[in-house]
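Working notes for the structure below.
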Amino acid sequence: MPKYIFSYIRGLVSGYKVTSTGLARQFGFSHDGITRMLVSRFPWKQWLISCINHLFGIIQNGYLIIDDTVLAKPFGKLFTNASYVYSSSEDRSVFGYNIIMIVWTNGTLTIPLSWRWYKKNRYSKVDIAMLLLEEIRFKWKIRNCIVLYDSWYAAAKVMRLIKSLGYSFVSQIKKNRKLNGIPFSSLQIRENILFKGVIAGEIQIYYFKHEDKYYCTNIPVLDTKQIHALYQIRWKIEEVFRFLKSALKMEKCQATRITAQKTHLVSCILTYLIFQKEQQNNTSYQSLYQIYEQWQFDKHIARCRINHYVKVLGLNAYC
190 MPKYIFSYIR GLVSGYKVTS TGLARQFGFS HDGITRMLVS RFPWKQWLIS
240 CINHLFGIIQ NGYLIIDDTV LAKPFGKLFT NASYVYSSSE DRSVFGYNII
290 MIVWTNGTLT IPLSWRWYKK NRYSKVDIAM LLLEEIRFKW KIRNCIVLYD
340 SWYAAAKVMR LIKSLGYSFV SQIKKNRKLN GIPFSSLQIR ENILFKGVIA
390 GEIQIYYFKH EDKYYCTNIP VLDTKQIHAL YQIRWKIEEV FRFLKSALKM
440 EKCQATRITA QKTHLVSCIL TYLIFQKEQQ NNTSYQSLYQ IYEQWQFDKH
490 IARCRINHYV KVLGLNAYC
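The letter at position 238 of the sequence shown is residue 427 when you use the numbering used here, and the numbering goes up by one with no holes.
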């Protein structure tokens, strides 16, 4: 593995500026070593699977959540493969990258499993979501999950794939989707009453309306409150995005090469996993942000804990 990956992680946790020059000045790391690490090609996904299994054991059951986020790069136009993408948080198009991610959660732990970088005129976001689901089922071999996603990914082919993989789903659905040949918006549906219907001519769903939004599932034994409660679990992925951006500086890498941006993203996710494991082992029930603030306040604790995880993962890395 790249020699300086855990040095870089230390910089993400303790540093104030995530650049090769900034890390070299703050911690005395090799500027050229950090640069080479960022642009090195390495089978990150396979390595991450090993790290997650080592930290958290074999993952089964629970919930799989699909969503996308934007890495804004508003002050530079030289970033490789960057383009104008729509940001729902800002309700406008911004220059940067769009990443589709899938995470697993049991309601307590939330673990990013895989992701893909969206690029216009190639795969659609829906197609990428399907590739991620197939990867989770056949590469990670995770079974018996409920898949949660918003209305953007509620395409008939996604529902068919989820059924074929042996999963269930709970999602929002757009008003213009047709149920038994009639758009949802044209149906006279009373709120919070569960109905049964067929979309795309073949997919049986159970649906209801709540506050002018439509929710659906293929699980027949749930009532409306249970369906809505399950859908709220989808917020777990937003918490992951928020921590990656606010605490771990996921948007702050200024390297223009796409390889460096991808390495930076992997570093942020591995750092998040370390915090997640630290929270799991914490008897004081601290939040991720409380642990992060403690590590910010005491750099010695941060370095010792990162070194601990180097040993736990069996990695001979420079920290």
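Beta carbons: idealized from backbone N, C-alpha and C, even for Gly.
Look at the Cβ atom of residue i, then the Cβ atom of residue j, and state whether they are nearer than 8 Å.
i	j	result
proline 263	valine 283	yes
aspartate 316	arginine 423	no
serine 357	threonine 413	no
tryptophan 341	lysine 314	yes
asparagine 333	tyrosine 307	no
glycine 285	alanine 261	yes
leucine 337	isoleucine 289	no
isoleucine 416	valine 359	yes
cysteine 532	alanine 449	This structure leaves residue 532 out entirely; the chain is present only between 190 and 508.
isoleucine 388	leucine 368	yes
lysine 402	glutamine 361	yes
threonine 269	isoleucine 447	yes
valine 202	threonine 472	no
aspartate 256	isoleucine 378	no
arginine 281	arginine 492	no
leucine 227	phenylalanine 218	no
isoleucine 325	threonine 294	no
leucine 502	histidine 243	yes
Is residue i helix, strand or coil when you go by DSSP?
i	result
aspartate 221	helix
arginine 305	strand
glutamate 400	coil
phenylalanine 268	coil
glutamate 467	helix
threonine 299	strand
glutamate 440	coil
arginine 349	helix
valine 228	helix
glutamine 415	helix
leucine 354	coil
tryptophan 424	helix
glycine 211	helix
leucine 201	helix
arginine 249	The residue you asked about is not arginine; residue 249 is glutamine in the sequence shown. It is coil, neither helix nor strand.
For residue i and residue j, what's the separation of their Cα atoms in angstroms?
i	j	result
leucine 462	isoleucine 241	8 Å
leucine 350	isoleucine 335	13 Å
threonine 208	lysine 352	45 Å
valine 259	arginine 311	17 Å
lysine 330	arginine 214	44 Å
arginine 230	glutamine 468	31 Å
proline 301	isoleucine 458	7 Å
arginine 225	tyrosine 404	48 Å
tyrosine 197	glycine 370	54 Å
glycine 386	phenylalanine 430	34 Å
tyrosine 252	lysine 466	18 Å
histidine 453	serine 374	43 Å
lysine 500	leucine 267	38 Å
alanine 345	glutamate 482	44 Å
proline 409	histidine 497	46 Å
tyrosine 420	valine 347	17 Å
phenylalanine 216	threonine 299	31 Å
glycine 246	asparagine 470	14 Å
asparagine 381	glutamate 400	9 Å
Checking the sheet assignment: what are the DSSP bridge partners for residue i?
i	result
asparagine 287	Val259 and Tyr307
serine 360	Tyr338 and Cys405
arginine 281	Ser276
valine 179	No answer is possible for residue 179: the residues shown for the chain start at 190 and end at 508.
lysine 367	Pro372
glutamine 393	Val387
glutamate 380	Lys398
If you measure from the beta carbon of residue i to each beta carbon in chain B, is any gap under 8 Å?
i	result
leucine 212	Included in the structure is just one protein chain, with no chain B present.
Legend entry - Sequence ranges, alpha helix (DSSP H) only - wholly within the stretch 470 to 508, length at least 4: 477 to 486 and 488 to 501
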